[in-house]
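K.L.:
Laid out in structure tokens, this is it:
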């Protein structure tokens, strides 16, 4: 996992889980919207960064729309799976500047900030039945 995401994860570890599923949903829509807005803002400056923001914002929007926040089983993605999906997308956001070769340009900060924010939201979310979303290892 990229450095900033790892630091964000470690920084919020001792903090109690305070984000409800509904708040997580709202944060997901805000993240998707800000990534899509970033795509529009970046379009004239750096097309590669703009396309990456568009793809990542669209991905976050689709995942958010498909997540079953209520726990009723009416949507495709169970809420407990969101932690892994969010951390995966956070890792992608943090590494996109390197893969698309704009790691030395200021546009990379948009992706690093979104990746860290997504990590923080995921780590502070209350998962149902007291589950933290963390996997347990076999002995």
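Numbering (this note's numbering), first residue to last: 1195 to 1333.
Glycine included, C-beta positions come from ideal geometry on N, C-alpha and C.
#1: If you reduce the DSSP assignment to three classes, tell me which class residue 1220 lands in.
#2: Let me confirm a value: residue 1326 is counted as buried when at least 16 other C-beta atoms fall within 10 Å, else exposed. Which label applies?
#3: Tell me residue 1271's beta-bridge partners as DSSP assigns them.
#4: Would residue 1292 and residue 1240 qualify as a contact pair, given that the criterion is a beta-carbon distance under 8 Å?
#5: Which residues does DSSP list as the beta-bridge partners of residue 1173?
#6: Spell out a yes or no on whether the region 1213-1231 and the region 1310-1323 are touching, meaning 3 or more CB-CB pairs, one atom from each, closer than 8 Å.
#7: Quick check on the burial criterion: 16 or more other C-beta atoms within 10 angstroms. Buried or exposed for residue 1258?
#8: Given this structure, state the Cα-to-Cα distance separating residue 1204 from residue 1314, to the nearest angstrom.
#9: Out of curiosity, what's the CA-to-CA distance linking residue 1316 and residue 1280?
#10: Could you check the C-alpha separation between residue 1202 and residue 1266 for me, to the nearest Å?
#11: When you compare each of 1247, 1262, 1255 and 1264 to residue 1234 by their alpha carbons, which one comes out closest?
#12: Mapping the DSSP letters down to three states, classify residue 1213 as helix, strand or coil.
P.N.:
The relevant details are as follows:
#1: Here residue 1220 corresponds to residue number 26 of the chain shown, with the count starting at 1. Residue 1220: helix per DSSP, three-state reduction.
#2: Taking the chain shown and counting its residues from 1, the one referred to as residue 1326 is at position 132. Residue confidence is low: residue 1326 scores 49 on pLDDT, short of 50, so the model does not pin down where it sits. No coordinate-derived value is stated.
#3: By 1-based counting over the chain shown, the position of residue 1271 is 77. Assignment of beta-bridge partners to residue 1271 by DSSP yields 1261.
#4: Walking along the chain shown from the start, residue 1292 turns up at place 98. Walking along the chain shown from the start, residue 1240 turns up at place 46. No Cβ-Cβ contact shorter than 8 Å links residue 1292 with residue 1240.
#5: What the structure shows of the chain is the stretch from 1195 to 1333, and residue 1173 is not part of that stretch, so it cannot be assessed.
#6: With the cut-off at 8 Å, the region 1213-1231 and the region 1310-1323 touch.
#7: For this step, residue 1258 is matched to residue 64 along the chain shown. With 16 or more Cβ atoms within 10 Å of its Cβ, residue 1258 is classed as buried.
#8: As a working mapping, residue 1204 is identified with position 10 in the chain shown. As a working mapping, residue 1314 is identified with position 120 in the chain shown. Rounded to the nearest angstrom, the two C-alpha atoms are 9 Å apart.
#9: What you label residue 1316 is simply residue 122 of the chain shown in a count that begins at 1. What you label residue 1280 is simply residue 86 of the chain shown in a count that begins at 1. One alpha carbon belongs to residue 1316, the other to residue 1280, and they sit about 6 Å apart.
#10: Translated into positions along the chain shown, residue 1202 becomes position 8. Translated into positions along the chain shown, residue 1266 becomes position 72. Linking residue 1202 to residue 1266 through their CA atoms gives a straight-line distance of about 31 Å.
#11: Locating residue 1234 in the chain shown gives position 40, counting from the first residue. By alpha-carbon distance to residue 1234, the top candidate from 1247, 1262, 1255 and 1264 is 1247.
#12: Here the question's residue 1213 lines up with position 19 in the chain shown. Here residue 1213 sits in strand by DSSP.
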